[in-house]
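J.: Quick one: structure below, then a few questions.
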Amino acid sequence: MDELDLRTEEISTKTPSGASGFLLQNNPELQKLFFTPTENENPRVNDAKIRRLYMQAASQQWYAPQRINFDQEIATDAESLRIWRKFITIFYTLEKMGLNVIHNMMSKAVRKYKSEEMAFYLSAQTFDEARHVFAIEAYLRKLGAPPKYDWKYHVLGQVASMGAFRVENWLFSTLFSENFASTFIRRARQANIDPVGNELCKYLLVDESRHLHFLHIVLPDVMDRLSMMGRTYVKGAQFFIMKFSEMVLKSMEAEAAHVGLDRKAMMEEIFENVEKGYESFGVSRKFLWFPNIYPTKITPTQRIVVSH
Ligand SMILES: [Fe+2]
Ligand SMILES: [Fe+2]
């Protein structure tokens with residue numbers, strides 16, 4: 001899976017694989033049995049696509065102790081280890097926050113969009129996030145850092161799921177956070193954290209790209225139904241979240257460079273993917289207010305790319 005490139009535009013939409021997936025190929029009878037969405041007179045989202053994605057999610061489940069060899073040695077210099085502990089703790093906090101928020105928002109989203117398929121799919125995504133938190137916890141222990149929720153970032157979860165348009169706001173915020181997570185783990189893997197971290201990133205990426213796929217299915221409909229006021233509200237909340245993230249990343253530029261992560265390029269990539277997402281929902285690139293990305297203070301010669 002080394003060639004994995006799961007940018008939003010390259011997400012696989014193939015029929016789920018596995019035993020049942022195999023039987024489903026070229027079998028219209030079975031396809032009807034499984035692919036037909038729960039009857040819904042007034043669907044507000046694309047139920048057929050959401051059901052398909054649920055099936056894909058169900059067929060792609062993994063269990064960290066079986067898939068990832070946590071028994072591998074981690075040989076990193078002390079400073080890199082300190083930095084990865086710090087970054088993975090932040091990542092752990094964001095994943096745990098995402099898990100709490102999806103629990104809180106799932107039933108509201110199902111009600112709002114009157115979609116039983118969303119109930120199926122979001123249950124699977126909730127378990128994905130639980131699996132991520134569980135696996136990252138184990139990885140942090142392996143790095144010698146006790147898993148700890150960092151309350152400094154808690155405000156992000158609040159801004160992402162509050163207010164009059166909280167369901168919409170949550171879904172749009174997820175577009176940002178899933179892009180953020182995907183970009184971070186793809187780049188962390190390219191920077192070659194350590195054998196355990198690299199394996200973990202590989203499995204996380206498969207799930208996060210599916211989460212992005214879900215948003216690309218539902219967000220155009222969400223956008224269509226959003227009033228002028230709702231749109232302004234979403235824009236404001238998204239600006240806050242992006243500005244906050246930009247400031248946090250900026251403060252870690254030197255540390256990021258030490259472990260081979262380019263802070264500025266990462267932020268640019270995230271914003272670009274989010275921009276492309278909105279553009280595909282039928283609004284212009286100008287729809288969002290993007291914060292400025294601070295110019296880099298680090299000259300290329302200062303950049304230390306760690307190779308193991
Ligand atoms: Fe996750
Ligand atoms: Fe996710």
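Its first residue numbered 1, the sequence shown is counted upward by one per residue in my numbering.
By construction, the Cβ of each residue, glycine as well, lies at the ideal position given by its N, Cα and C atoms.
Please classify residue 242 as buried or exposed, where buried requires at least 16 other C-beta atoms within 10 Å of its C-beta.
T.: The residue is buried, with at least 16 neighbouring Cβ atoms inside 10 Å.
J.: Which value, in whole angstroms, describes the spacing of the CA atoms of residue 52 and residue 68?
T.: If you take the alpha carbons of residue 52 and residue 68, they lie about 27 Å apart.
J.: Could you work out which residue in 184, 205, 277 is closest to residue 261 when comparing CA atoms only?
T.: Of 184, 205, 277, the residue nearest in Cα terms is 184.
J.: Spatial neighbours of residue 179 within its chain, please: CB distance less than 6 Å, with the 5 preceding and 5 following residues excluded, ordered by chain position.
T.: Same-chain partners within the cutoff: 270, 273, 274.
J.: Taking the C-alpha atoms as reference points, what is the distance between residue 252 and residue 177?
T.: If I take the Cα positions, the gap works out to 18 Å.
J.: Hey, out of 171, 111, 87, whose CA is closest to residue 140's CA?
T.: Of the listed residues, the one whose Cα sits closest to residue 140 is 87.
J.: Within 10 angstroms of its Cβ, does residue 13 collect 16 or more other Cβ (buried), or is it exposed?
T.: For residue 13, the predicted model reports a pLDDT of 43, less than 50, meaning its position is unreliable; a value from the coordinates is still stated below. The residue in question, residue 13, is exposed, as its Cβ has fewer than 16 Cβ neighbours within 10 Å.
J.: How would you write the range of the alpha helix (DSSP H) that residue 113 sits in, first residue to last?
T.: Segment 78 to 113, the alpha helix (DSSP H) holding residue 113.
J.: Going by C-alpha to C-alpha distance, which of 221, 246, 156, 144 sits closest to residue 283?
T.: The shortest C-alpha separation from residue 283 is found at 221.
J.: Determine the direct distance from the alpha carbon of residue 225 to that of residue 255, and round the result to whole angstroms.
T.: Spanning the two alpha carbons is a distance of roughly 43 Å.
J.: Between the C-alpha atoms of residue 154 and residue 32, what's the straight-line distance to the nearest angstrom?
T.: Roughly 44 Å separates the two Cα atoms.
J.: Nearer than 8 Å: is that true of the beta carbon of residue 181 relative to any heavy atom of ligand 1?
T.: Checking every heavy atom of ligand 1 against the Cβ of residue 181, one is found closer than 8 Å.
J.: Can you tell me whether residue 162 is helix, strand or coil according to DSSP?
T.: Coil, per DSSP.
J.: Just how far apart, CA to CA, sit residue 138 and residue 172?
T.: Distance between the alpha carbons of residue 138 and residue 172: 30 Å.
J.: Should the segment 67 to 84 be regarded as contacting the segment 182 to 200, the criterion being three or more beta carbon pairs within less than 8 Å?
T.: Result yes; three or more Cβ-Cβ pairs closer than 8 Å.
J.: DSSP state of residue 169, grouped into three classes?
T.: Helix.
J.: Closer than 9 Å, CB to CB, is residue 262 near chain D or not?
T.: Reference to chain D is not applicable here, since this structure consists of a single protein chain.
J.: Measuring straight from C-alpha to C-alpha, what distance separates residue 280 and residue 65?
T.: Residue 280 and residue 65: Cα-Cα distance of roughly 38 Å.
J.: Comparing C-alpha positions only, which one of 294, 168, 95 sits nearest to residue 249?
T.: That would be 294, whose Cα lies nearest to the Cα of residue 249.
J.: Starting from residue 231, trace the alpha helix (DSSP H) in both directions and tell me its first and last residue.
T.: Looking at the DSSP string, the run of the alpha helix (DSSP H) that includes residue 231 is 228 to 250.
J.: Once you ignore the five residues that flank residue 121 on each side, which residues in its own chain have a CB closer than 8 Å to its CB?
T.: Excluding positions up to five away in sequence, the list reads 50, 51, 53, 54, 57, 214.
J.: What is the rounded straight-line gap between the Cα of residue 35 and the Cα of residue 130?
T.: If I take the Cα positions, the gap works out to 26 Å.
J.: Give, in chain order, every unbroken run of the beta strand (DSSP E) that is at least 3 residues long and sits entirely within the segment 252 to 303.
T.: You should have found no qualifying run.
J.: For residue 182 and residue 289, what's the separation of their Cα atoms in angstroms?
T.: Straight-line Cα distance between these residues: approximately 22 Å.
J.: Within the segment 39 to 76, note down every full alpha helix (DSSP H) run reaching 4 residues or more, in order along the chain.
T.: Listed in chain order, they are 47 to 59, 64 to 67.
J.: Does at least one heavy atom of ligand 1 sit under 8 Å from the Cβ of residue 103?
T.: Checking the Cβ of residue 103 against ligand 1 gives no.
J.: State the DSSP-derived secondary structure class of residue 148, mapped to helix, strand or coil.
T.: DSSP places residue 148 in coil when its eight states are reduced to three.
J.: Can residue 211 be considered in contact with ligand 1, in the sense that its beta carbon sits closer than 8 Å to one or more heavy atoms?
T.: Yes, Cβ of residue 211 sits closer than 8 Å to a heavy atom of ligand 1.
J.: Return the chain-ordered list of same chain residues with a C-beta closer than 7 Å to the C-beta of residue 247, the five sequence neighbours on each side being excluded.
T.: Nothing meets the Cβ criterion.
J.: Measuring alpha carbon to alpha carbon, tell me which of 165, 206, 236 ends up nearest residue 291.
T.: When only C-alpha atoms are compared, the closest one is 236.
J.: Return the Cβ separation of residue 117 and residue 38 in integer angstroms, given the expectation that the two are a contact with Cβ distance under 8 Å.
T.: Confirmed, Cβ separation roughly 6 Å.
J.: May I ask you to check if the CB of residue 125 is nearer than 8 Å to at least one heavy atom of ligand 2?
T.: Result yes, Cβ under 8 Å from ligand 2.
J.: Give me the residue from 125, 152, 105, 48 with the minimum Cα distance to residue 91.
T.: Of the candidates 125, 152, 105, 48, the one whose C-alpha sits nearest the C-alpha of residue 91 is 152.
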